[in-house]
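>
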Amino acid sequence: MKIGKVLIWLAVAALGALALSTIAFHRREPINAMWLVVAALCSYALGYRFYSKFVAAKVLALDAMRATPAERLENGRDFVRTNKWVVFGHHFAAIAGPGPLVGPVLAAQFGYLPGTLWILVGAVFAGCVQDFVILLFSVRRDGKSLGQMARDEISKTAGTVAFISVLSILIILLAVVALIIVNALKDSPWGAFTIGMTIPIALLMGVYLRYLRPGRVLEASLLGFLLVVAAIFGGQWISQSTHAAAFTFAGTTLAILIIVYGFAASALPVWLLLAPRDYLSTFVKLGTVAILALGIVLVRPTLQMPALTRFIDGSGPVFAGNLFPFAFITIACGAISGFHSLISSGTTPKMIARETQTRMVGYGAMMAESFVGIMAMIAACTLQPGTYLAVNSGAGMVGGSPTAAVATISNWGFPITADQMAVLAHNVGEKTLFFRTGGAPAFALGMAKIFSDSLGGTAVMAIWYHFAIMFEALFILTVLDAGTRVARFMLQDALGHIWKPLGRTSWYPSIVATSAVTVAAWGYFLWQGIRDPLGGINSLWPLFGICNQLLAAVALCVATTIIVKMGRSRYIWVTLVPLCWLVAVTFAAAWHKVFDPNPLIGTLAHARQLAAGPAMEGLQRRIFNDQLDAAVCGLLVVLVSVIVIESAIQWISVISGRRKPATQEAPFVATQYAEEAL
Amino acid sequence: MKASGDLVIGKSVDRTCEPTAETRRRGEEKLEHRTREARRHGKSHRDGVFSDHPITRSRAITRSHSARAVLKKMILIVRATLREIFDESAYDRFLLRTHASRSRASYREFARERDAAMLKKPGCC
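Protein chains in written order, with numbering that gives the first Met the number 0: chain A, 0 to 677; chain B, 0 to 124.
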């Protein structure tokens, strides 16, 4: 390396170290958010330049001369050689969902420090590595899915476990995202109208694309975006008119509406609702993430949240649980997310033109998503801690009324008054902001604050707040309908082995039946969350985090097994260390969720507390819900234990020489683009 | 017919194989010929920005360090990325693959093919 480059990288390292030490050791006064941005950018730059290069060269031995499936199997449909920047954008758009926005906001209750460090360290050493290696291994196996790789490289049981894990995570994910949207829209005529309007807008886009201007998706998305912006202003008018009551819904009503929507979206033709909504959501997502980054750089907000709060002891009102392990399952997307392995072994490997590009696409896109997580953390921490807690805490955690809530929160050392909350609610066009658990409203508030500080001031804060709510809700509804369809498809695929007609995706009775089963499954958990006096997020988000991280553990088991079979056992630590960490985190979290004696954390303790308490309506159902959560958690841990043990047996037998290492890689074929590779 | 897929760009060169009937129709030539031409003009074939897909070759843009050229390249990349994300490039590829033209009927066929893939594509968390 030339001396100039060495000096540049030393400067980057020094700047990163300075930023990280400022974040970590500055205690007495608030720090500027730019320290987080600088720390993140320097960490990503160093991680990409050195660690990912090491993984690419030593562990994976990327071969630019090897033809990728996009070249060998090119069909102009699934397998298409694509420019690396285009694949990067495509992959980022596919992996970025509401997770990196919501997780860091919830974890901000511990202060900005733990979440920020986990996002940076987790992404550089675990999340980016997982996405990168799974993408490459899928490329070397003709674009096989994670489940297929688990079956081929570990065992049939592992493939089945991966299938059940994916289905479970989908169900829990859908329930959680639906709960977030319900909590964001309840008693909000403005929000409910705006989000309600996205459904006819998506239908209109579908018709536009099909009949008026076939294939002009960008044009239709721009039109849809303009209509959604008009709907935001329409929502403001509605909320101030006599029609407001018609769009003011309680949580339970919204839950029913969303369940009905989920069923309809799953059963309606894809072109009519799912596809246009997906386009619209992506359009808004990319634009909003870009302007949020710009807003943070322009405003350079000060973080009001302390580095560490008293809630690291597990007494947090947003969700109960100690810093370890709960901070690490609360932030999944942004640090490491098992869900990404599904995308890395889905469409992306079929578009990669050259093996060496997997580094930029796999590792690089995850870094971009991690930065979205940092931005969400900044947005949450720019709020006054008292405001953040009043918005994000369930009524059962801080008191049933606004007066009780502000008293409790102020007693914790985070002063807030009911008047301040009322003014803030008025500024954003809401009646109240108390008890809006789920992270989305807090993120929207932070985002609105950043946007309004850079453009328009308090006068337009309400518009920015509802823009942010619309952005998140659009995101979430897209995940909801796409996830319901995928879960339905997986269910049909499995049921097709029992009775063939059930597996036919064109047979309407099967579509309706499996859609109903899927919606009922996530709808049940959603209903449970809505009726939970602790806010629902307290029980469901950790469950989702555990599921997601367990899926990451499955992906890392597959990756480690392949590395061992490739004869690269001395580098096994690259995936084994993150795997061990994830196993420790998820198993500890699962243990706490099931057996912790604190009823706010342990579901069985909560069930016992309910049973010993006074009789109330729906008592048996609530006890059953707790037991069900414990059973789901336990089942997933057992399943992942099976896959970890099966993998470990493979590693030991290969390393000890008892078994010949044999991977299922596609045979080497030299690329026809060799000249370019040189 | 000028398909909008023409704007898909990349750094890779096209195949060295004989052009297909479709590429011939679209006025494309063999790589060697193009490279020879480029060398004659003192340029390497890598100086050009080509499509990664042999039948959606883009206009060649001379690599230059001028701000205008860099900006133009960036705009092309962003546009190509958006077209890929929003399936516009996929529709163009479908049209080329099926020798169809842009119409309601062809879009319906394309949507049927895409919908099957979308069934398996989870929206990420």
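By construction, the Cβ of each residue, glycine as well, lies at the ideal position given by its N, Cα and C atoms.
Which chain B residues sit within Cβ distance under 9 Å of HIS89 (chain A)?
THR80, GLU83, ILE84
> Expressed to the nearest angstrom, what Euclidean distance is found between the alpha-carbon atoms of ALA629 (chain A) and PRO532 (chain A)?
18 Å
> What is the rounded straight-line gap between the Cα of THR287 (chain A) and the Cα of GLU616 (chain A)?
Within the model, the alpha-carbon separation for THR287 (chain A) versus GLU616 (chain A) is close to 44 Å.
> How would you write the range of the alpha helix (DSSP H) that LEU539 (chain A) sits in, first residue to last?
536–564
> With a CB to CB cut of under 6 Å and the five nearest residues on each side skipped, what residues in its chain are close to LEU100 (chain A)?
ALA375, PHE442
> State yes or no: is the C-beta of TRP540 (chain A) within less than 8 Å of the C-beta of PHE318 (chain A)?
yes
> Against chain A, with Cβ distances strictly below 8 Å, would GLU108 (chain B) count as a contact?
Taking CB atoms only, GLU108 (chain B) has no neighbour in chain A less than 8 Å away.
> Quick one: Cα of GLY26 (chain B) to Cα of TYR523 (chain A), how far?
Legend: pLDDT at GLY26 (chain B) = 38, less than 50; position of this residue unreliable, no value from coordinates given.
> Among A:THR381, A:LEU202, A:ALA60, which one has its Cα closest to the Cα of ALA219 (chain A)?
A:LEU202
> Would you call TYR362 (chain A) buried or exposed, if buried means 16 or more other Cβ atoms sit within 10 Å of its Cβ?
buried
> How many angstroms separate the CA atom of ALA292 (chain A) from the CA atom of VAL85 (chain A)?
21 Å
> Have a look at the DSSP bridge pairing and note the partners of ILE529 (chain A).
Answer is none; ILE529 (chain A) lacks a bridge partner.
> Check each residue of the region 502–535 of chain A: if its Cβ is closer than 7 Å to any Cβ of chain B, include it; give the result in chain order.
THR504
> For the region 262–281 of chain A, which residues have a CB atom closer than 9 Å to at least one CB atom of chain B, in sequence order?
PRO268, VAL269, TRP270, LEU273, ALA274, ASP277, TYR278, SER280, THR281
> Could you tell me which chain A residues have their CB closer than 8 Å to the CB of ILE76 (chain B), listed as they occur along the chain?
ASN82, TRP84, VAL85
> Name, in chain order, the residues that DSSP records as bridge partners for THR81 (chain A).
A:ILE351
> Would LEU100 (chain B) count as contacting chain A if we go by Cβ distances under 8 Å?
Residue 100 (chain B) is actually Ser in this sequence, not Leu. Answer no: the Cβ-Cβ gap between SER100 (chain B) and chain A never drops below 8 Å.
> Could you spell out the range, first to last residue, of the alpha helix (DSSP H) harbouring SER314 (chain A)?
Here SER314 (chain A) belongs to no alpha helix (DSSP H), and DSSP marks it neither H nor E.
> List the endpoints of the continuous alpha helix (DSSP H) containing THR241 (chain A).
First-last for THR241 (chain A): undefined, no H or E at that position.
> Quick check on this structure: which residue in A:ALA606, A:PRO188, A:PRO613 has the alpha carbon closest to the alpha carbon of VAL431 (chain A)?
Here the sequence assigns Thr to residue 431 (chain A), which means Val is not the residue at that position. Taking only the C-alpha atoms, the option nearest THR431 (chain A) is A:PRO188.
> Kindly say whether VAL216 (chain A), judged by its beta-carbon, lies nearer than 8 Å to any beta-carbon of chain B.
yes
> Near ARG353 (chain A), which residues of its chain fall below 6 Å by C-beta distance, leaving aside the five closest residues on each side in sequence?
ALA63
> Check whether chain A comes within 8 Å of LYS120 (chain B), counting only Cβ atoms and requiring the distance to be less than that.
yes
> Is the beta carbon of GLY15 (chain A) closer than 8 Å to that of LEU45 (chain A)?
yes
> State the DSSP-derived secondary structure class of ASN321 (chain A), mapped to helix, strand or coil.
coil
> Is there a Cβ of chain B sitting closer than 8 Å to that of TYR207 (chain A), yes or no?
no
> Between ARG103 (chain B) and chain A, is there a C-beta pair that is closer than 8 Å?
yes
> Give every residue of the same chain whose Cβ lies closer than 8 Å to the Cβ of THR81 (chain A), excluding the five residues on either side of it in the sequence, and list them in chain order.
ALA69, HIS89, MET350, ILE351, ALA352
> Pull up the DSSP beta-bridge partners for ASN624 (chain A), would you.
Partner(s): none; ASN624 (chain A) has no beta bridge.
> Is the CB of ARG67 (chain B) under 8 Å away from at least one CB in chain A?
no
> Does chain B have any CB closer than 8 Å to the CB of VAL485 (chain A)?
yes
> With distances taken from CA atoms, which of A:ALA38, A:THR381, A:CYS546 is nearest PHE332 (chain A)?
Here residue 332 (chain A) is Cys; the residue named in the question, Phe, does not match the sequence. Checking every option, the nearest Cα to that of CYS332 (chain A) belongs to A:CYS546.
> For the structure I just gave you, are there three or more beta carbon pairs, one from the region 477–493 of chain A and one from the region 259–269 of chain A, closer than 8 Å?
yes
> Around the C-beta of ALA661 (chain A), are 16 or more other C-beta atoms found within 10 angstroms, so that it is buried, or is it exposed?
So ALA661 (chain A) counts as exposed.
> Span of the alpha helix (DSSP H) holding TRP572 (chain A)?
572–594
> Mind listing which residues of the region 487–500 of chain A have their C-beta closer than 7 Å to chain B's C-betas, in chain order?
PHE488
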